[in-house]
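A.B. asks: Heads up: the sequence shown runs through residues 6 to 373, numbered per the numbering used here.
Backbone N, C-alpha and C fix where the C-beta goes; we use that ideal spot for every residue, glycine too.
Sending over a structure as structure tokens; questions will come in a sec.
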Amino acid sequence: KTVECHENITIQENSPAVKLIVENGRCVGVVIKCFPAGDDWSDVNAIQNMLHEIGSGSAMFGGRNIDEGCRQRENELLDSFGIDVVIRAKKGVIIACGGYYFNQEMINKYAPKYNGFMPLGNLGDDGSGIKLAQAVGAKLDRMDRCSAWKFINPPYSFVRGILTNSNGERVGNEDVYGASFADFLVQNHDGKGWLIIDQQMWDEASQDCMDPESGLQEDQRMQGLANLHKNFKRGDSWKELANECKMNSSVLQTTVSRYNTDASNGKDTLFGKNSMYLTPLTEGPFYAINLDMVGNKYWPTPCMSLGGIVVEGSTGRAISEKTGKPIPGLYAAGRSAVGIASNYYVSGLSLGDCIFSGRRAGRHAGSQ
């Protein structure tokens, strides 16, 4: 809305850029595909907007087929009725088109370990901006990096449990940030894991999720209850629980024994978990809550891509793969570019990175 207040700025909706124009080594414009101007096309634009919104929402909640269907219909409308329009850029072209996690082919190519997660963003995060720059020789990096999240708390009693892999081995500190938690499962354990708790922890978690005054948000309470009642295995003994989870029972019992010893001594000798979260698991029956990253309808794993176009630090200009030097007139910002968040992500970091990198690119382009 702020942009719309400027009379010299035009917002062109439903008009994807299909090609960058480069003359004498400088990016001087773009080719877009759009519907002809005029009120006669307002209904078609409305349909495009509707398809975009439906596709974005369905992809985030597991409806990949709906997402791809909406995208296909959008492309069919543009192919049937769209026209190519050349836009010349006196100052430069800034690519700020988001990442690529809504593009299945690019996930398969660059980040197969993150395949099948819940896409975070919208249909525009399809890698189109990244591919536009790559087509004119821009360098890409960190394309294998994505950020996925698995927050096990609240309910807070979950943090006192034990994170294991599919074989029953403890694999990490349970009180770390959700992106770190998910990352070591993805990178080292095929995105599969279990959260082991005992009856006391189950009771406390259930009480927190049932109590509207517990301080938990409603969606956190609902997700907690779903996992406690629908997304678990149960055993009266550690051996029985291991069998239910198809774990090695001796491995799980060794894991629990060491954890309980550390918890009783108040020091996690394996991963350095905060002592305030160390509690022995002794009260049966015992539970294993499914933490799998893919196909887990009760505990979905949102994910976004972090890699993109390599840019010059002082200007935001795209770097040439061939020469290692900036491509005049071509800039990238936000998740289309390699930036602050590209190696490791913390929730909200893209907000700061996008504002900074967008201002950097705009300031330099405006000075040309």
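Please determine, among Arg322, Gly229, Asn348 and Ser352, the residue with the shortest C-alpha to C-alpha distance to Tyr303.
C.D. replies: It is Gly229.
A.B. asks: Using the Cβ count rule (16 or more neighbours within 10 Å means buried), how would you classify Ile135?
C.D. replies: Answer is buried; the Cβ neighbour count reaches 16.
A.B. asks: What's the gap between the Cα of Tyr264 and the Cα of Leu257?
C.D. replies: Cα to Cα, Tyr264 sits roughly 11 Å from Leu257.
A.B. asks: With a CB to CB cut of under 8 Å and the five nearest residues on each side skipped, what residues in its chain are close to Gly198?
C.D. replies: Contacts found: Leu168, Thr169, Asn170, Ser171, Val176, Leu190, Leu296 and Asp297.
A.B. asks: Does the separation of the CB atoms of Gly173 and Asn253 fall below 7 Å?
C.D. replies: For Gly173 and Asn253, yes; Cβs fall inside 7 Å.
A.B. asks: Looking only at its own chain, which residues have a Cβ that is under 7 Å from the Cβ of Leu283, when we skip the five neighbours before and after it?
C.D. replies: Around Leu283: Asp267, Ala268, Gly271 and Asp273.
A.B. asks: In whole angstroms, what separates the C-alpha of His369 from that of Thr320?
C.D. replies: Going from the Cα of His369 to the Cα of Thr320 covers about 6 Å.
A.B. asks: How would you label Glu218, buried or exposed, when you count the other beta carbons within 10 angstroms and need 16 or more for buried?
C.D. replies: By the neighbour-count rule (16 or more Cβ atoms within 10 Å), Glu218 is not buried but exposed.
A.B. asks: Whole angstroms are fine: how far does the CA of Lys38 sit from the CA of Ile201?
C.D. replies: Approximately 53 Å between the Cα atoms of the pair.
A.B. asks: Opposite Ile201 in the DSSP bridges: which residues?
C.D. replies: Partner(s): Ile167 and Ala293.
A.B. asks: For Val181, which of Ser341, Ile324 and Val351 has the nearest alpha-carbon?
C.D. replies: With distances taken between Cα atoms, Val181 lies closest to Val351.
A.B. asks: Quick check on this structure: which residue in Leu354, Gly353 and Tyr336 has the alpha carbon closest to the alpha carbon of Val364?
C.D. replies: In the sequence on display, residue 364 carries Arg and not Val. For the residues Leu354, Gly353 and Tyr336, the minimum Cα distance to Arg364 belongs to Tyr336.
A.B. asks: From which residue to which residue does the beta strand (DSSP E) around Ser336 run?
C.D. replies: According to the sequence shown, residue 336 is Tyr rather than Ser. It spans Pro331 to Ala337 - the beta strand (DSSP E) in which Tyr336 sits, taken as one unbroken run.
A.B. asks: For the beta strand (DSSP E) containing Lys24, name the first residue and the last one.
C.D. replies: That run of the beta strand (DSSP E) goes Ala22 to Glu28.
A.B. asks: When the Cα of Cys250 is compared with those of Gly103, Tyr292, Phe276 and Gln139, which residue comes out closest?
C.D. replies: Ranking the options by Cα distance to Cys250, first place goes to Tyr292.
A.B. asks: Work out the CA separation of Val316 and Ile100 for me, nearest whole Å.
C.D. replies: So the alpha carbons of these two residues sit roughly 11 Å apart.
A.B. asks: Report the residue ranges of all beta strand (DSSP E) runs contained in full by the stretch 217-303; include only those spanning at least 3 residues, in chain order.
C.D. replies: Segments of the beta strand (DSSP E) lying fully in the stretch 217-303: 237-240 and 291-295.
A.B. asks: Using a Cβ-Cβ cutoff of less than 6 Å, which residues in the same chain neighbour Phe186 once the five nearest sequence positions on both sides are dropped?
C.D. replies: Lys155, listed in sequence order.
A.B. asks: Assuming Leu145 and Gly313 form a contact by the criterion Cβ under 8 Å, report the distance between their Cβ atoms to the nearest whole angstrom.
C.D. replies: That pair is a contact at about 7 Å.
A.B. asks: Is Asp89 closer than 7 Å to Val36 when the C-beta atoms are compared?
C.D. replies: For Val36 and Asp89, yes; Cβs fall inside 7 Å.
A.B. asks: Can you give the beta carbon distance from Ala323 to Ala143, rounded, assuming they're within the 8 Å contact cut?
C.D. replies: Rounded, the Cβ-Cβ distance is 4 Å, consistent with contact.
A.B. asks: Quick one: is Lys278 buried, meaning 16 or more other Cβ sit within 10 Å of its Cβ, or exposed?
C.D. replies: Lys278 comes out buried.
A.B. asks: Identify which residue in Gly334, Ile92, Glu245 and Ala184 has its Cα closest to the Cα of Asn348.
C.D. replies: Answer by Cα proximity: Ala184.
A.B. asks: Which value, in whole angstroms, describes the spacing of the CA atoms of Gln204 and Cys214?
C.D. replies: Straight-line Cα distance between these residues: approximately 15 Å.
A.B. asks: If we ignore side chains and look at the alpha-carbon of each, how far apart do Cys32 and Ile26 end up?
C.D. replies: For Cys32 and Ile26, the distance between alpha carbons rounds to 6 Å.
A.B. asks: How long is the line joining the alpha carbons of Gly126 and Gly318, rounded to whole angstroms?
C.D. replies: Taking the straight line from one Cα to the other gives about 26 Å.
A.B. asks: Give the straight-line distance between the Cα atoms of Val378 and Arg165, rounded to the nearest whole angstrom.
C.D. replies: Within the shown structure, residues of the chain are numbered from 6 to 373, placing residue 378 beyond reach of any answer.
A.B. asks: Which word fits His234, buried or exposed, when buried means at least 16 other C-beta atoms lie within 10 angstroms of its C-beta?
C.D. replies: When all chains shown are included, His234 counts as exposed.
A.B. asks: Once DSSP output is grouped into helix, strand and coil, what is the label at Ile135?
C.D. replies: Reduced to three states, the DSSP call for Ile135 is helix.
A.B. asks: Where does Asp216 land, buried or exposed, given buried means 16+ other C-beta within 10 angstroms?
C.D. replies: Counting Cβ neighbours within 10 Å, Asp216 comes out exposed, since fewer than 16 surround it.
A.B. asks: For Val316, list the residues DSSP reports as bridge partners.
C.D. replies: Bridge partners of Val316: Ala323.
A.B. asks: To which residues does DSSP link Arg175 through a beta bridge?
C.D. replies: Arg175 pairs with Thr169.
A.B. asks: To the nearest angstrom, report how far apart Phe163 and Arg226 are at their CA atoms.
C.D. replies: For Phe163 and Arg226, the distance between alpha carbons rounds to 13 Å.
A.B. asks: Drop a sphere of 10 angstroms on the beta-carbon of Ile332, count the other beta-carbons inside from all chains shown, and report buried for 16 or more, exposed for fewer.
C.D. replies: So Ile332 ends up on the buried side.
A.B. asks: If we call anything under 7 Å between Cβ atoms a contact, is Ser133 one with Cys102?
C.D. replies: Closer than 7 Å, so yes.
A.B. asks: Within 10 angstroms of the Cβ of Gly371, are there 16 or more other Cβ atoms? Answer buried if so, exposed if not.
C.D. replies: By the neighbour-count rule (16 or more Cβ atoms within 10 Å), Gly371 is not buried but exposed.
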